[in-house]
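When the count follows my numbering, it moves up by one through the sequence shown with no breaks and lands on 128 for the last residue. Written out below as structure tokens is the structure these notes cover.
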Amino acid sequence: MARRFHKYGKRQTDGFRSGFESQVAKSLQCEWSYESKSFNLVIPRSYTPDFFLDNGTVLEVKGYFDAEDRRLIKLFREQHPDVDLRMVLQKPHQKLTKTGIMTYAGWCERYSVPWCEGPRVPTDWLS
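Dropping the structure here:
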């Protein structure tokens with residue numbers, strides 16, 4: 002069942018859902034659009050990535066990377082393997098759980114999702 006409200010609440014005054022997304026937007030040195038396209042998934046849910054770069058790269062910006070987000074990213078990658086999805090992580094070395102050893106970056110590496118520590122995005126991702 003689709004959520005009625007976005008889990009991160011209302012948009013900020015600058016139009017983004019988080020301050021970290023706003024920082025990433027300011028650091029991008031290329032043309033981009035924000036949450037301009039959604040993708041249908043086989044589960045009754047859609048997924049809307051944060052940034053679509055003009056080179057076709059899709060960026061998902063994560064400050065907090067919960068289990069539901071990880072599940073959606075895995076499903077998206079399985080169902081849309083042609084989309085170049087990359088993660089911009091606010092705290093890549095943050096553990097996924099209090100008692101676990103896996104970090105946000107480690108999860109991305111396990112599932113072959115390119116990642117960087119934001120808010121700056123590598124320049125080779127932009128061209």
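For each residue, glycine too, the CB sits at the ideal point set by N, CA and C. Here the structure is a predicted model, which means the values were calculated and not measured.
Note down, in chain order, each residue of its chain lying with its Cβ closer than 7 angstroms to the Cβ of residue i, except the 5 sequence neighbours on either side.
| i | result |
| --- | --- |
| F21 | V62, G64, Q91, G119 and P120 |
| D85 | G57, T58 and V59 |
| S37 | F53 |
Taking C-alpha atoms, which residue in the options lies nearest to residue i?
| i | options | result |
| --- | --- | --- |
| T104 | A26, H94 and D15 | H94 |
| R46 | G57, L73, T58 and V114 | L73 |
| I44 | F77, C117 and A106 | F77 |
| Q80 | L97, T98 and F40 | F40 |
| Y112 | D125, W126, R71 and L127 | R71 |
| G16 | K75, S34 and P115 | S34 |
| M88 | T100, K99, G107 and T98 | G107 |
Using three-state DSSP, classify residue i as helix, strand or coil.
| i | result |
| --- | --- |
| S37 | coil |
| F77 | helix |
| F66 | coil |
| T104 | strand |
| C31 | coil |
| R46 | strand |
| F17 | coil |
Determine which residues share a DSSP beta bridge with residue i and list them.
| i | result |
| --- | --- |
| E61 | M88 |
| E118 | L90 |
Can you list, in chain order, the residues of its chain whose CB lies under 6 angstroms from that of residue i, leaving out five sequence neighbours each side?
| i | result |
| --- | --- |
| T14 | none |
| Q24 | P120 |
| T49 | E36 and S39 |
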